[in-house]
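Top line first, the protein sequences correspond to chains A and B. Here our numbering is used: the first residue of the first sequence is 8, the next is one more, and so on. Here our numbering is used: the first residue of the second sequence is 7, the next is one more, and so on. Here a beta-carbon is modelled for each residue, glycine too, at the ideal position from N, C-alpha and C. Everything on this sheet refers to the single structure shown next.
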Amino acid sequence: MRSGFDVTRAPVGIDDVPVRLLAAGNVAALVSRLPASAYGPDAIEQHSGTVSWLSPRAMAHDRVLTWAQDHGGVIPLPMFSMWGSDAAVQRSLGAQSAELGAVFDRVADADEFGLRVHRRDEIMLEHIDELDADVAALRKQAASASPGQRYLLERKLSDRAKSAIRGASQRMAKQVFEELGRIARASVSRPLTPATDAAQAGNTTMVLNAAFLVDRKRGDDFRAAVTSHARALEPRGVTFDFTGPWPPYNFVAQSGSSALAAEGAKG
Amino acid sequence: MSESSDLEEVYEPERLVLSDLVNRVLDKGVVIHANIKIGIADIDLIQLDLRVLISSVATMLERQQRAAATADVSVRPDSGR
Numbered sequence: 008m009r010s011g012f013d014v015t016r017a018p019v020g021i022d023d024v025p026v027r028l029l030a031a032g033n034v035a036a037l038v039s040r041l042p043a044s045a046y047g048p049d050a051i052e053q054h055s056g057t058v059s060w061l062s063p064r065a066m067a068h069d070r071v072l073t074w075a076q077d078h079g080g081v082i083p084l085p086m087f088s089m090w091g092s093d094a095a096v097q098r099s100l101g102a103q104s105a106e107l108g109a110v111f112d113r114v115a116d117a118d119e120f121g122l123r124v125h126r127r128d129e130i131m132l133e134h135i136d137e138l139d140a141d142v143a144a145l146r147k148q149a150a151s152a153s154p155g156q157r158y159l160l161e162r163k164l165s166d167r168a169k170s171a172i173r174g175a176s177q178r179m180a181k182q183v184f185e186e187l188g189r190i191a192r193a194s195v196s197r198p199l200t201p202a203t204d205a206a207q208a209g210n211t212t213m214v215l216n217a218a219f220l221v222d223r224k225r226g227d228d229f230r231a232a233v234t235s236h237a238r239a240l241e242p243r244g245v246t247f248d249f250t251g252p253w254p255p256y257n258f259v260a261q262s263g264s265s266a267l268a269a270e271g272a273k274g
Numbered sequence: 007m008s009e010s011s012d013l014e015e016v017y018e019p020e021r022l023v024l025s026d027l028v029n030r031v032l033d034k035g036v037v038i039h040a041n042i043k044i045g046i047a048d049i050d051l052i053q054l055d056l057r058v059l060i061s062s063v064a065t066m067l068e069r070q071q072r073a074a075a076t077a078d079v080s081v082r083p084d085s086g087r
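Now the structure itself:
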């Protein structure tokens with residue numbers, strides 16, 4: 008973060024350790040000291056797959072970042088970015104202060120929002136006639152066909168309907184992403200995560216996993232747009248999961264980030 | 007904290023937010039330093055989506071309230087530029 012924060016008001020970090028502000032050039036890091044015995048590479052590797060260990064720490068990490076985001080802006084570093092001493096932190100930051108300054112400018116006065124969109128096939132099927140004229144025609148044909156013909160038509164119909172649903176939900180996702188993207192300062196479409204057990208139980212399929220960086224001044228416009236898309240599409244079998252505001256987690260990585268890492272490793 | 011049994015009781019939106027959160031804090035951000043190599047990449051984030059639990063409902067409620075109030079945030083300290 009840039010300096011100029013009253014860090015005594017910041018929430019406590021991981022393990023309830025207070026965070027300190029460590030300045031280096033025109034940027035400063037929010038740091039807290041943790042014991043190497045509990046947070047060395049081996050310890051983290053051992054525990055980080057355990058949700059009950061990870062969750063409170065992830066929340067503490069995010070709580071501090073969210074506070075900083077609300078008090079002027081912050082560049083998130085991945086959780087467990089660790090240094091051996093204050094001097095090492097300052098060396099790393101000092102070496103990157105110009106690049107970090109550019110990132111700050113890019114994300115200044117903006118919040119991140121997350122949007123995951125899923126389709127629910129059984130509801131989309133109820134509206135299949137509106138989605139695809141061919142399917143509608145086939146359905147009509149099947150309704151008045153002889154039993155033998157009807158069987159064949161219905162098999163064909165089932166395949167067509169599946170692909171119509173897939174296509175329609177992808178078009179909806181694309182439209183939502185593009186229209187929200189026009190309001191946002193930046194947007195990113197992240198990989199779709201495969202169906203979880205819970206999703207399969209609800210028969211849902213992810214069709215959009217996006218993050219948007221939105222100017223704070225346009226936050227209300229953005230929320231209104233999300234709400235309006237959700238109102239229009241949810242009755243047609245597409246569900247919206249909207250989260251935020253977040254610190255700009257998805258908008259701070261830069262093409263040179265691997266170079267930064269390599270540079271940091273030397274210092 | 008037993009994970010699978012408690013999961014049933016976690017209200018769905020909270021689970022979603024926490025899984026979003028865990029995905030973000032582990033996976034995103036500027037990598038400045040790589041002195042310590044950690045096996046985070048081995049964590050299956052999808053599994054986390056399933057198993058993620060929330061230990062403090064209050065934090066999520068706070069976030070929701072904050073989301074509702076964001077438009078009112080107008081006083082911001084000097085960012086020190």
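message: Quick test of the definition: if touching needs 3 or more C-beta pairs under 8 angstroms, does the region 191-200 of chain A touch the region 218-228 of chain A?
response: yes
message: I'd like to know whether the C-beta of I82/A is nearer than 8 angstroms to at least one C-beta of chain B.
response: yes
- prompt: Leaving out the 5 sequence neighbours to the left and right, which residues in its chain are closer than 7 angstroms to G101/A when beta-carbon positions are compared?
  reply: A31, G32
Rounded Cβ spacing between K163/A and L145/A (contact assumed at less than 8 angstroms): 7 angstroms
message: For L122/A and P18/A, I'd like the C-alpha separation in whole angstroms.
response: 27 angstroms
- request: Work out the CA separation of A171/A and P154/A for me, nearest whole Å.
  value: 25 angstroms
message: Tell me the rounded alpha-carbon separation between F120/A and R238/A.
response: 18 angstroms
- request: Check the C-beta distance from P254/A over to Q76/A and give it rounded, since I have them as a contact under 8 angstroms.
  value: 4 angstroms
Boundaries (first-last residue) of the beta strand (DSSP E) holding F219/A: 211-222
- prompt: Between the region 20-36 of chain B and the region 132-149 of chain A, do three or more beta carbon pairs fall short of 8 angstroms?
  reply: no
query: Cα separation between L56/B and Q156/A?
result: Because L56/B sits at a pLDDT of 37, beneath the cut-off of 50, its placement in the model cannot be relied upon, and the point is left open.
task: Output, in chain order, the set of chain B residues within a Cβ distance shorter than 7 angstroms of G121/A.
output: D26
- request: Compile a chain-ordered list of the residues in the region 248-259 of chain A whose CB is closer than 7 angstroms to at least one CB of chain B.
  value: D248, T250, G251, P252, W253, Y256, N257, V259
field: When L240/A, M66/A, I135/A are compared against V214/A, the one with the closest alpha-carbon
entry: L240/A
- prompt: Quick one: does A193/A have its CB under 8 angstroms from some CB of chain B?
  reply: no
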